[in-house]
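Just so you know, the protein sequences line up as chains A, B and C, in that order.
Going by our numbering, the first sequence opens with residue 3, and the numbers climb by one from there.
Going by our numbering, the second sequence opens with residue 36, and the numbers climb by one from there.
Going by our numbering, the third sequence opens with residue 5, and the numbers climb by one from there.
Idealized CB from N, CA, C, for every residue including glycine.
Quick notes on the structure that follows.
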Amino acid sequence: MKGLSYYKAQSVEDVVDRLANLEGARILAGGTDLLLELERAGQGANLLDICFIDELRDISESAHEVLIGAACTFDQIERSGTVRTHARALSQAASTVGGPAIRNLATIGGNVANGAPAADSVPALIVLEARAKVRSAAGEREVEVEELVRAGRVHLDEGEIITRFVIPKCEGRKSAYVKLGLRRSMAVSRLSGAIGLSEAGMRFALGAVGPSACRIRSVEDILSQGVTCQDTVRRALSRLAGDIRERLGERPTAPYKQRAAQGVLLDLLSDVLDREVAVL
Amino acid sequence: MTAVELLVNGENVRCKAGPTTRLIDFLRDELGLTGTKEGCREGECGSCTVLLDGLPVNACLVLLGKCDGRSVLTVEGVSDGTLHPLQEAFIEAGAVQCGYCTPGMVMAALGLLMRDPRPGEEQIRMALSGNFCRCTGYESIVKAVQLASERLIQDGP
Amino acid sequence: MHVGVRIDAEGKVTGHTVFPTDRSMPGMLYAAIRWADYPHARIVSIDTTAARALEGVEAVLTHADVPGLNRCGRVIPDQPVLCEDRVRFVGDAVACVAARTREIASLACRLIRVEYEELPVVDDPEAAACPGSFRVHEPENLVVHRLLTKGDVAAGRRRADVVVSGVYRTPRQMPGFLETEGGIAYYDTDGVLTVCCGSQAGHANRFQVARALGIPEDRIRLITSPLGGGFGGKDDVTEEIRLALLCQATGKPVKLVRSRAESIRAGIKRHPMTIYMDTGATRQGELVFQDVRIVADTGAYLSLGRSILYLAMEHCTGPYRVPHLKVEGLCVYTNNLLSGACRGFGVNQACFAVESQMDEIAERLGMDPLELRLKNALRPGDEGPLGQSVAGSVGMVACIERLRESPVYTKRHTWNAASTGRVGRGVGVACAFKCVGFGLGLHELGRAIIRILPGGRFAVYVPYEDMGQGSQMAYSIMAAEALGCAQQDVEVTVGDTGLCPDGGPTSASRGTYLGGGAIIDAASSLSRMLSDLGGAGRSCGEKARALGERAVGLTAYGSYSPPKPERGFDGVVGIPHSVFSFMAQAVQVEVDTLTGAVRVPLSHAVVEVGRVISKQGLVGQVEGGTVFGLGMALGEDVVTDKGVPKSYSLSGYTVPYSMDVPRTTVEWIDEASDVGPFGAKGVGELASVPVTAAVVNGIADACGVRVRTLPARPERICKLLLDKG
């Protein structure tokens, strides 16, 4: 790999300083995507390894929020009791990333910042109403994850780094994540979905339909009328198929994804309601 | 950056290779530890699985700089003259055919048993689920890990 | 027998076994290859000036630097080692480089300037077979075209009460060995050019190296074992010739290992086949005819495509009595990826078609699918599919009868009943047979050498490489039995042309059979030699011990020539076969009718492979073969677009991992065959054959749709379900 340099960043300040001043600086987290991308492109880069920065590797909680450092690995997230309790969909999503060895390297920050339409963590983060804390030399801002990845690009400015994900705690919220891949491990998601259900409302998001994961609001609206009603579920499924048809148009995968997404939604509902939801 | 220093199989090593060298190349080329196999160089096959601070990782996706001050265990470091019960179990259960996935499988399984000495069959399958084996169909490998787990518990403290 | 020690296992679990791609030497150069930039183009010019000028580059070779015949290919040498005026697929090599580092070598490759004129890409084998097609090779793309008949298909059609027709398409499966192709080449101290490169055919490929380098074979040594998997993909030459050329040109050790992307680009794949099949049966379920057309896409070069097509043709009856057969086979050049040997060698494709048809006939006749198979199964004394005589055991009936008692099969209705509105559950069955060894007209002679070592030990040299199937274990078990000694007293060496006799390739599931036969022959020669020296005892072991030092160094050669059918077809080499192994398999299948996801939780396999030499070896082959065939059924396919792979990565290739595979129970009919060493046949390829059709039949049973184009990916299943309404 020609023209590659490596620097073990000491602190977030150190990172933002170098991002601002060092030409060709790239943040290296787990590296599971970045190294392959650089090799394929034959590109050089000045890599700033953020994985030794403690504050980015920490999962913590306050009274109202769960905080997940951007350099937390999926293995860490999958095993975190805090995440399992307050953000179950994310815990499930983490367990579907690659295989065990990948999960010991790959990070949640990298997964989001890489901007892949099929990124496993994103639908889960969206239904959990997660926000990303973003730092740069200019300061800090917070942005909803759905906004961060909107329309197929990652809305980070030059010199910015995601430091944490903030997931608001929500009493009684149930959430779930389902991934369809071509096998049960080491699979790129063909379609993924997440649901978050609480008294405050419901969120439903899909990944790998269109340029980035996003909420399917038309379906949320129907399901908000009561997920236990057969007829509502039936209407939601039909609306979902219509919505995907609109999103994917004439793409060859469209008929399949319309049908499969219905399966995903039923699986999600079955999971959060803890009973088999079947409407056929 | 000064030379990367790390523990490989318990021994302190000062690396000649720079921090952007991939761990797999360092192990195979500089240390001659060719037990760590290369099957894809893209994190798909798991043949290069080693333990980094006790956790299985794909050595092809790890830059040497990331290993600075840390501990790497390769398949060569698993046995100290006599076979580890896990290695014995692999032989007994017929978990070895061409043998090219074997070191990675052994390391993935060892990582599991270090964390969970009594894994169920599903946990074993999950722990091996990043390792590709074209020969065995995985059954004998799963059985080997079960066998090793039973023996390690019996012989354990 | 049965309990043998896997003598190669300890080195593999400790990481100490050195594979060809693990080797390195002081002063070694690294090689890289400049591949074709287009799937089909005329080469206008090749300019290596900049590459040669690069610091650290020691050789840049093009076609002009090949001293001997610039061609490779086991049967027809039709593939350039380094292309002269044309590239015919993306895995064609235009130049190769040796340099002091990998980075310099690959940079030098990029600096080679190749000017092309693009040519039309021929990617549809059926269109390519037509006379008007653009030609990949002269005089025509249709490289093999044969019609084989037995009986009178027209008469068969008249007798048939039911005729089932189907068109089946099989995927471009890759052998998927974990160790990619390559190794190291160097001159040994005697000046012998030594190529250490994983291969299934040391001697045959040594000939190809010699032919290209223009030097005698005895100046070349191929060390080909151990190898990290072969599965057919290392049968024909891979990188042996270019390694040798670069070593010859530089005089230094050279290492060349294909990356996974290069292996996908240039390596052998299973022939995608389109099979048109009409099968007729009487109302009582008796098969009366099989009318078949097979079109095989061999890619840009033939490799072993001719024999593979022939085997598909021979096995397209299934392991059944079919009185009337007509089968037309076409093997066609295209600009697609190179096809060649892949575990099963054409039989998998044919079996998928036949066994799908069998289920459809059963359905049409309202018969149980297993009963239909039993009714038609080949029995001892029956003629083979092409009318040939069959030697050895014929255990198809026993396999089916045993499978009928298996839990997967007996509980099929319970499993069916566990279906829900969304999830369909079904059971699929399939039978298979697979020839053992080469067919009529191909030279086939197993060879082995046994030498007495000090301390009552024996060295056994057999050519057939250990690619994981456990040939060393099988040989040590058989040698111990033949010599009358302990397995530990036998040292087996395989896969080294410098030490082992030439017995042809490790292919056709014949390693155990030929190697074992030759070991027995060598042991009996050795026994006579020991007696002549005055050694007393009942076995070689005893006699050698009695003679002590006097016996040391005594060496015996053995050979084994397996039975062949007495007659074949004019001008057709390689079929028919005389010896077959048999297998029946049932699988539980679960289909999510919304997502199209298929799960195969359980599998039960019964094999008849003659006498079992190693139970563990057998079970390992069947479990592994099952997963191999499962991959072909459900996910594996190197998808190309106008000859170019859509993915050069393993991530784009859905091979099963540990959570995707069924629990397989393996049973065997342990009856000694009256041919083969100790009555053993072969199993390696057969094990991968029936499961593909069994899964597809299970899908049909589970949700009522029949997949005729593999792999049965979720999208395909959903499409069929949508079409069904």
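* How do the stretch 545-560 of chain C and the stretch 412-430 of chain C stand: do at least 3 beta-carbon pairs fall below 8 Å, yes or no? -> Put simply, the stretch 545-560 of chain C does not touch the stretch 412-430 of chain C. Fewer than three CB pairs are less than 8 Å apart.
* Given P143 of chain C as reference, the closest of C:Y314, C:V336, C:T283, C:R38 once Cα atoms are compared -> C:V336
* To do: Would you kindly work out how many angstroms separate the C-alpha atoms of V147 of chain A and E162 of chain A, rounded to a whole number?
  => 15 Å
* **chain C contact residues for T137 of chain B, given Cβ-Cβ distances below 7 Å** => K16, V17
* Asked: Are the C-beta of A22 of chain A and some C-beta of chain B separated by less than 9 Å?
  -> no
* Asked: Among C:L622, C:A189, C:H275, C:P84, which residue has its Cα nearest to the Cα of S343 of chain C?
  -> C:H275
* What are the boundary residues of the beta strand (DSSP E) that R347 of chain C is part of? -> For R347 of chain C, no beta strand (DSSP E) encloses it, and the DSSP letter there is neither H nor E.
* Asked: If you measure from the beta carbon of K10 of chain A to each beta carbon in chain B, is any gap under 9 Å?
  -> It does: the Cβ of K10 of chain A has a partner Cβ on chain B nearer than 9 Å.
* chain B residues whose Cβ lies nearer than 8 Å to that of S655 of chain C -> E77, E79
* Where T21 of chain C falls: helix, strand or coil (DSSP) -> If DSSP states are grouped into helix, strand and coil, T21 of chain C belongs with coil.
* Asked: Straight-line CA distance for V79 of chain C to R150 of chain C?
  -> 17 Å
* Asked: For R38 of chain C, does the three-state DSSP call read helix, strand or coil?
  -> The DSSP-derived three-state label of R38 of chain C is strand.
* Measure from the C-beta of S164 of chain B to each C-beta in chain A and report whether the shortest distance is under 9 Å. => yes
* Interface flag, F584 of chain C vs chain B, CB-CB below 9 Å -> no
* Asked: Are the beta-carbon atoms belonging to G472 of chain C and C80 of chain B less than 9 Å from one another?
  -> no
* Same chain, Cβ closer than 8 Å to K728 of chain C, five either side skipped, listed in chain order -> Closer than 8 Å at the Cβ level, and outside the excluded window around K728 of chain C, lie G708, V709.
* **Beta-carbon neighbours of T171 of chain B, restricted to chain C and to distances below 7 Å** => Simply G624, E627, G628.
* To do: Give the DSSP-derived three-state secondary structure of H6 of chain C in the structure shown.
  => A caution first: H6 of chain C carries a pLDDT of 47, below 50, which makes its placement in the model too unreliable to give a value.
* **Alpha-carbon to alpha-carbon, S360 of chain C and P715 of chain C** => 14 Å
* To do: Taking R186 of chain A as the query, report the chain C residues whose CB atoms sit under 8 Å from its CB, ordered along the chain.
  => Y661, M663, D664
* Can you grab the Cα-Cα spacing for the pair I52 of chain A / L182 of chain C, in whole Å? => 33 Å
* Evaluate H207 of chain C with the Cβ neighbour count: other Cβ atoms within 10 Å of its Cβ, from every protein chain shown; 16 or more gives buried, anything less gives exposed. => buried
* Return the chain-ordered ranges of every beta strand (DSSP E) run that is complete within the stretch 659-714 of chain C and spans a minimum of 3 residues. => List check, beta strand (DSSP E) in window: 667-672.
* Beta-carbon of G45 of chain B versus every beta-carbon of chain C: anything under 9 Å? -> no
* **Inter-residue CB distance, P694 of chain C and A434 of chain C (contact presumed, cutoff 8 Å)** => 4 Å
* To do: Report back the beta-carbon spacing between G628 of chain C and G172 of chain B to the nearest angstrom; my notes put them in contact at under 8 Å.
  => 4 Å
* **Inter-residue spacing [alpha-carbon to alpha-carbon] between K101 of chain B and R105 of chain A** => 16 Å
* **Interface flag, T84 of chain B vs chain A, CB-CB below 9 Å** => yes
* To do: Mind listing the chain C neighbours of T98 of chain A? Cutoff is C-beta to C-beta under 9 Å, in chain order.
  => Here the premise fails: no neighbours, minimum Cβ distance about 11 Å.
* Nearest chain B C-beta to I104 of chain A closer than 9 Å, yes or no? -> yes
* Just reading off the beta strand (DSSP E) that F437 of chain C is part of, what are its end residues? -> Per DSSP, the unbroken beta strand (DSSP E) holding F437 of chain C starts and ends at 427-439.
* Residues of the stretch 61-72 of chain A with a CB closer than 7 Å to any CB of chain B: list them in chain order, please. => Those residues of the stretch 61-72 of chain A that come within reach of chain B (Cβ to Cβ, closer than 7 Å) do not exist; the list is empty.
* Asked: What do you get for I169 of chain A, buried or exposed, if any count of 16 or more other CB atoms within 10 angstroms of its CB means buried?
  -> It counts as buried.
* To do: Could you tell me whether the Cβ of L30 of chain A comes closer than 9 Å to any Cβ of chain B?
  => yes
* Indicate whether V148 of chain C and L341 of chain C have their beta-carbon atoms separated by less than 9 Å. => no
* Asked: For G101 of chain A and chain C, any beta-carbon pair shorter than 9 Å?
  -> yes
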